[in-house]
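Trainee: Keeping their order, the protein sequence lines are chains A and B.
The opening residue of the first sequence carries number 134 in the numbering used here; numbering runs sequentially from there.
The opening residue of the second sequence carries number 67 in the numbering used here; numbering runs sequentially from there.
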Amino acid sequence: MNRVIRSARPLVFLAFFVSLPLLAAAQSPAQASYAITHAKIFTLTGPPIEDGTVVIDNGKIVAVGPSVDVPAGAQVIDGRGLQIYPGFFDSVTQMGLREIGAVSATVDETETGDFNPDVVAATAVLPSSEHITVTRAAGITEVLAVPASGGMDSSGAAGIIGGQASAIHLAGWTIDDLLIKKSAAMVINWPAIETKSFDFTTFSVKEKPFSDAKQEYQKNVDELANWLERARHYAQALGHAAPANYDRDVRLESLAPVVRGQLPVLVFADQERDIRNAVEFCDKQKLKMILAGGSEAYKVKDLLRSKNVPVILRPVLSEVSEEDDPYDRLLTQPAELTAAGVKFAFASFDNSFARRLGQNAANAVAHGLSYDDALKAVTLYPAQIFGLSDQLGTLQTGKIANLIVTNGDPLELTTDVRYLFIRGQLTSMDNKQLRLYQKYNNRPKTN
Amino acid sequence: MNLFRAVTAAIFLALTFTVPTRGGNPPDAVLPPAPAAIVIQNATILTVSHGTIEHGSILLVNGKIAEVGQSVHAPKDALVIDGTGQFVMPGIVDCHSHIAVDGSVNEGSLSVSSIANIAEVLNPDDISIYRDLAGGVTTANILHGSANSIGGQTQVIKLRWGQPAAKLPFEGALPGIKFALGENPKRSNFSIPGQPKRYPATRMGVEETIRGAFTEALDYQRTWADYNKRVSAGEKNLIPPRRDLRLEPLVEVLEGKRYVHAHCYREDEILMLLRVAKEFGFKVRTLQHVLEGYKVADEIAASGAGASVFSDWWSYKVEAYDAIPYDAALMTRRGVIVSVNSDDPAEATHLNQEAAKSIKFGGLTHDEAVKLVTLNPAIQLGIDQRVGTIDVGKDADLVIYNHDPMSAYAVVQKTLIDGRVYFDRQRDIADRPAREKEKKALLEKEKKASEKKPDAAADDGKKPVAKPDAAKPDDKKPDQPAPDKPKPPQADAVTGGGL
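Take a look at the structure:
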């Protein structure tokens, strides 16, 4: 007999009935088997299946289709009236690295110094961060935790090589449970030409002539090139000599996969000039570049297309920086990039606003992006960009079962996620905010 | 900076510095035409006060709503807006905004800076006015930041883009004053090098700062009352008391002539302010942000204070760590008048969407969610007789969407204030090539001019970067002055004639 799960109130249901035994299972090696039946399935490999079944076993999707047998022993979830999608992938967050923004003791985003290729996000990701449970309740099942992507060290600078970004699932007891890929990209904050900067020692804005700013920029770029050059020699030595025959340098060692073109560089740049400089630099250095930010990517779309540089776009609901740009400049950019053949993904660039990922994608649809591309830009495209599409991003047999079951369009503001699967486990959507709501909603009335 | 300056905003924007907007060239200050009558036909009308009218019409005459219903008696010469497939909502009222402020939003030197008045530094050229208008906002409460326990005087404005500063204030709206509690006024998250620590540094000190100021205000009020009494008793040759511009606004608060809008986060400080207000006999009109308001919703409801909240911001500082997206819904259910505000020019461009989140988080009805950005903030600002619903006699401040505004797919098509179309998406798009051409010509002209000057070789001819920190998302830097740059005339969609 299959156990059938039916619930109109999955939040309550999950919180009070299912979550305890399943949660325990969720974090141990995946064993349980599930079948979600009679749901509309958005596989993202073709048109949606109107009435189909997804079978999950041992952490993986083992069957998807309109007429799939429910294996014996599988827990059955009645999916009538519900829809299944791949879980969302947020490709720039500080998940687990930042708990409370203003409290530096809870923030491990950005190391001091300009060149830190050896630091790895996974090292400092806190698996019990409240952000993880809040974010996954919004249907986001995996993210990139990206060092040096949103904050500054105490000197007010973000550094140039920020460290290695880690791809993680948003459920697990330890980092080993969470890890998808420890080193998914090397962060480079492209040294912009800045004539004004904020000086934290005097709490005032410092200005310098353009020529000085450009000189400083050149110095930074030369230094970056120098690091890569040394890494190239180092990588060569690695291939030729036994470890005993050279002095080990962990930072150069970390850059070896970068200069070999195995590890992509995630380059943060927004202004046209900076993007252009970064693309030309990476091309010359033969680095596999992913652009992050890209507020003015539309201005260099042909270059991005010709050099095959994908873009992780900052939220389209951000402020348009140029005063005389059209008010919807960021909203229309996704459609424009798609038309130009530039691959992109949406990302939150944040933790507390990670749950706005779907909202941003919907707003891009409202401004010309196809719905199909919008869905893929929060699922398949980021998986492809970070080389994880063999494991994630679509509902296909053999892929990791990170998926969401919703009562409607997952990009819409009012849609609820009814069931959440991460690594094939039915995962609780309980979180700090829901608990506080329940607690104070139940406070006896005082008047 | 991007949208998620939200984080920065809450810590710094509202606290320390903002970008001094350089007035530069004013927009082509042409008032959009005001047809004697406009009729919006065959639209879904979210009246807010009396339900939704499908395939309904609205007649606007002389800047006011003249008729609303299934059909209206439109004069023959009325300008017709076809609303087929569109949704009409009352213009959005943003109860917490810092747009249209020239220069710094904070006078941070004093803990009681009630002498400062935002009305004196309104900047009608701030592009955020136009962008928020394009997001359906028609009215905004412009406040100082949160650097002071008692901050500056606030001003409610209508977003009459293209009009001079004098035309921005919402006629007859009661003035307000900004208060701030918690981490910002006590300066938990920063210090200014070279400056001594400023009192207060604790929530205890914040209370005493407010209590001290109102104690003085009561004395001041009494001094004037005594004087006026003696004058009216016929005493001659009296010397009037010396005016105190810092205490006058506080006396207005005591006399119910000025609203208190208090920035607050934690449950304890919320109750503290309500106690102090009771002690001195004044009302708190709105609690702003009020992230832990849900913990003391009954007490807030009993005090009569409104609550104006963020939709889903949290964790950017300790006092925001218990913030929940259910705040608006929970307080609404406990009888508090709640609005959702922006505190940020980019957030204000999609306040309708932020309101919709309370349907998901806490189960507000569609109508209740719409109220969060229309009627409720209008009540909080005391302007609900004029705006906030679609009713006969009210100002013709409307926003027209192509979808239900409680959806992320809804895009503003037109925004009307006083029966004039201040924003028209189609016209904005149509005008872009001409504006682009004009910009190009101006840049050419500037380049030529700088080539003539031998000293101007410092620049490489490329456009200056607008924001030095724009490449780094979510910077924790206080805002910086933007580099001076050539500025072509503002993109102004309302000058194209026609509608």
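C-beta: ideal position from N, C-alpha, C; glycine also.
For N128 (chain B) and chain A, any beta-carbon pair shorter than 7 angstroms?
Mentor: What you label residue 128 (chain B) is simply residue 62 of the second sequence in a count that begins at 1. By this cut-off, N128 (chain B) is not an interface position.
Trainee: Q216 (chain A) touches chain B at which residues, Cβ-Cβ below 7 angstroms?
Mentor: In the first sequence, counting from the first residue as 1, residue 216 (chain A) sits at position 83. By Cβ distance, chain B contributes nothing, its closest Cβ being about 16 angstroms from Q216 (chain A), past 7 angstroms.
Trainee: Less than 7 angstroms between CB atoms is the rule here; does T547 (chain A) satisfy it with respect to chain B?
Mentor: On the first sequence, position 414 is the one that residue 547 (chain A) refers to. So yes, T547 (chain A) belongs to the interface.
Trainee: Is it buried or exposed, A495 (chain A), if we count other Cβ atoms within 10 angstroms and call 16 or more buried?
Mentor: Your numbering for residue 495 (chain A) matches position 362 in the first sequence. Burial call: buried.
Trainee: Tell me whether S481 (chain A) sits in a helix, a strand or coil according to DSSP, three-state version.
Mentor: For the purposes of this step, residue 481 (chain A) is identified with residue 348 of the first sequence, where counting begins at 1. Coil at S481 (chain A), not helix or strand.
Trainee: Could you list the residues in the region 478-496 of chain A with a C-beta less than 9 angstroms from some C-beta on chain B, going in chain order?
Mentor: S481, F482, D483, N484, S485, F486, R488, R489, G491, Q492, N493, A494, A495, N496
Trainee: Consult DSSP for L536 (chain A) and reduce its assignment to one of helix, strand or coil.
Mentor: The sequence position of residue 536 (chain A) within the first sequence is 403, counting from 1. If DSSP states are grouped into helix, strand and coil, L536 (chain A) belongs with the strands.
Trainee: How should A166 (chain B) be labelled, buried or exposed, when 16 other C-beta atoms within 10 angstroms of its C-beta is the threshold for buried?
Mentor: The count along the second sequence starts at 1 and reaches residue 166 (chain B) at position 100. When all chains shown are included, A166 (chain B) counts as buried.
Trainee: Determine the DSSP secondary structure at V138 (chain B), reduced to helix, strand or coil.
Mentor: What you label residue 138 (chain B) is simply residue 72 of the second sequence in a count that begins at 1. DSSP places V138 (chain B) in coil when its eight states are reduced to three.
Trainee: Residues of the region 440-469 of chain A with a CB closer than 8 angstroms to any CB of chain B: list them in chain order, please.
Mentor: R447, P448, L450, S451, E452, V453, S454, E455, E456, D457, P459, Y460, D461
Trainee: Can you have a look at K572 (chain A) and say buried or exposed, based on whether 16 or more other CB atoms are within 10 angstroms of its CB?
Mentor: In the first sequence, counting from the first residue as 1, residue 572 (chain A) sits at position 439. By the neighbour-count rule (16 or more Cβ atoms within 10 Å), K572 (chain A) is not buried but exposed.
Trainee: Do you know offhand how far V350 (chain B)'s Cα is from H139 (chain B)'s?
Mentor: By one-based count along the second sequence, residue 350 (chain B) stands at place 284. By one-based count along the second sequence, residue 139 (chain B) stands at place 73. In a straight line, the C-alpha of V350 (chain B) is about 43 angstroms away from that of H139 (chain B).
Trainee: Can you name the residues that DSSP bridges to G426 (chain A)?
Mentor: Translated into positions along the first sequence, residue 426 (chain A) becomes position 293. A:A402, A:L446, per the DSSP bridge assignment.
Trainee: Could you confirm whether any beta carbon from chain A is found closer than 7 angstroms to the beta carbon of G562 (chain B)?
Mentor: The residue labelled residue 562 (chain B) in the question sits at position 496 within the second sequence. Low confidence applies to G562 (chain B): its pLDDT is 27, below 50, so where it sits in the model is not reliable enough to give any reading.
Trainee: Can you tell me which of the three DSSP states T268 (chain A) falls into?
Mentor: Counting from one through the first sequence, the residue named residue 268 (chain A) turns up at place 135. Of the three classes helix, strand and coil, the one that applies to T268 (chain A) here is helix, per DSSP.
Trainee: Give the C-beta separation of H327 (chain B) and K244 (chain B) to the nearest angstrom, bearing in mind that I take them to be a contact with Cβ-Cβ under 8 angstroms.
Mentor: Here residue 327 (chain B) is taken as the residue at index 261 of the second sequence, counted from 1. Here residue 244 (chain B) is taken as the residue at index 178 of the second sequence, counted from 1. Your pair H327 (chain B) and K244 (chain B) checks out as a contact, with CB atoms roughly 6 angstroms apart and the cut at 8 angstroms.
Trainee: Show which residues of chain B have a CB atom less than 7 angstroms away from the CB atom of L544 (chain A).
Mentor: In the first sequence, residue 544 (chain A) corresponds to position 411, counting from 1. Per Cβ cutoff of 7 angstroms: A474.
Trainee: With a threshold of 7 angstroms between beta-carbons, can N564 (chain A) be considered close to chain B, or not?
Mentor: One-based indexing of the first sequence puts residue 564 (chain A) at position 431. Chain B places no beta carbon closer than 7 angstroms to that of N564 (chain A), leaving this residue out of the contacts.
Trainee: How big is the Cα-Cα spacing for I195 (chain B) and D184 (chain A)?
Mentor: In the second sequence, residue 195 (chain B) corresponds to position 129, counting from 1. In the first sequence, residue 184 (chain A) corresponds to position 51, counting from 1. Approximately 48 angstroms between the Cα atoms of the pair.
Trainee: If you drop the 5 nearest sequence neighbours on each side, which residues of the same chain put their C-beta closer than 8 angstroms to that of K578 (chain A)?
Mentor: Numbered from its first residue, the first sequence carries residue 578 (chain A) at position 445. Here the set comprises nothing.
Trainee: Is it buried or exposed for T560 (chain A), if we count other Cβ within 10 angstroms and need 16 for buried?
Mentor: In the first sequence, residue 560 (chain A) corresponds to position 427, counting from 1. Its Cβ being crowded by 16 or more others within 10 Å, T560 (chain A) is buried.
Trainee: Along the chain, where does the alpha helix (DSSP H) that runs through Q419 (chain B) open and close?
Mentor: On the second sequence, residue 419 (chain B) is found 353 positions in, with the first residue counted as 1. Q419 (chain B) -> alpha helix (DSSP H) spans 417-426.
Trainee: Please name the residue or residues paired with L312 (chain A) in a DSSP beta bridge.
Mentor: Your numbering for residue 312 (chain A) matches position 179 in the first sequence. Note: L312 (chain A) sits in a beta bridge opposite A:I301.
Trainee: Counting only beta-carbon separations shorter than 7 angstroms, does K124 (chain B) have a partner in chain A?
Mentor: For the purposes of this step, residue 124 (chain B) is taken as the residue at position 58 of the second sequence. Here residue 124 (chain B) turns out to be Ile, not Lys, going by the sequence shown. For I124 (chain B), no CB of chain A lies under 7 angstroms from its own CB, so it is not counted at the interface with that chain.
Trainee: So, does the CB of W227 (chain B) fall closer than 7 angstroms to a CB anywhere in chain A?
Mentor: Residue 227 (chain B) sits at position 161 when you count from the first residue of the second sequence. Not an interface residue.
Trainee: Establish whether the CB of V477 (chain B) and some CB of chain A are separated by less than 7 angstroms.
Mentor: For the purposes of this step, residue 477 (chain B) is taken as the residue at position 411 of the second sequence. Yes, V477 (chain B) lies at the interface with chain A (some Cβ there is under 7 angstroms from its Cβ).
Trainee: Got a sec? Which residues, its chain only, sit under 7 angstroms from T226 (chain A) by beta carbon, not counting five neighbours each side?
Mentor: Sequence index remark: in the first sequence, residue 226 (chain A) carries index 93 (1-based). Closer than 7 angstroms at the Cβ level, and outside the excluded window around T226 (chain A), lie V276, L277, A278, V279, S481, D483, N484, A487.
Trainee: Looking at the unbroken alpha helix (DSSP H) that takes in H327 (chain B), where does it start and where does it end?
Mentor: One-based indexing of the second sequence puts residue 327 (chain B) at position 261. Counting along the chain, H327 (chain B) falls outside any alpha helix (DSSP H), though it belongs to the beta strand (DSSP E) covering 325-330.
Trainee: Just checking, does the region 399-412 of chain B make contact with the region 171-190 of chain B on the three C-beta pairs under 8 angstroms criterion?
Mentor: no
Trainee: For R568 (chain A), count neighbouring Cβ atoms within 10 angstroms of its own Cβ and tell me buried if that reaches 16, exposed if not.
Mentor: On the first sequence, residue 568 (chain A) is found 435 positions in, with the first residue counted as 1. Classification for R568 (chain A): exposed.
Trainee: Following the continuous beta strand (DSSP E) through K480 (chain B), name the residue where it begins and the one where it ends.
Mentor: Reading the second sequence from its first residue, position 414 is the one you call residue 480 (chain B). It spans 478-483 - the beta strand (DSSP E) in which K480 (chain B) sits, taken as one unbroken run.
Trainee: Start and end of the alpha helix (DSSP H) containing E469 (chain A)?
Mentor: Against the first sequence, residue 469 (chain A) aligns to sequence position 336. Residues 462-472.
Trainee: What does a CB cutoff of less than 7 angstroms around D542 (chain A) pick up in its chain, not counting 5 residues either side in sequence?
Mentor: One-based indexing of the first sequence puts residue 542 (chain A) at position 409. T548.
Trainee: I want to see whether chain B comes within less than 7 angstroms of L569 (chain A), judged by CB atoms only; does it?
Mentor: Counted from its first residue, the first sequence places residue 569 (chain A) at position 436. Chain B, which has a Cβ nearer than 7 angstroms to the Cβ of L569 (chain A), makes this yes.
Trainee: From the DSSP output, in three-state form, read off F78 (chain B) for me.
Mentor: Along the second sequence, one-based indexing puts residue 78 (chain B) at 12. Note that F78 (chain B) scores a pLDDT of 43, beneath 50, so its modelled location is shaky and nothing firm can be said.
Trainee: Which first and last residues belong to the alpha helix (DSSP H) in which A370 (chain A) is found?
Mentor: Within the first sequence, numbered from 1, the residue matching residue 370 (chain A) stands at position 237. First-last of the alpha helix (DSSP H) with A370 (chain A): 343-373.
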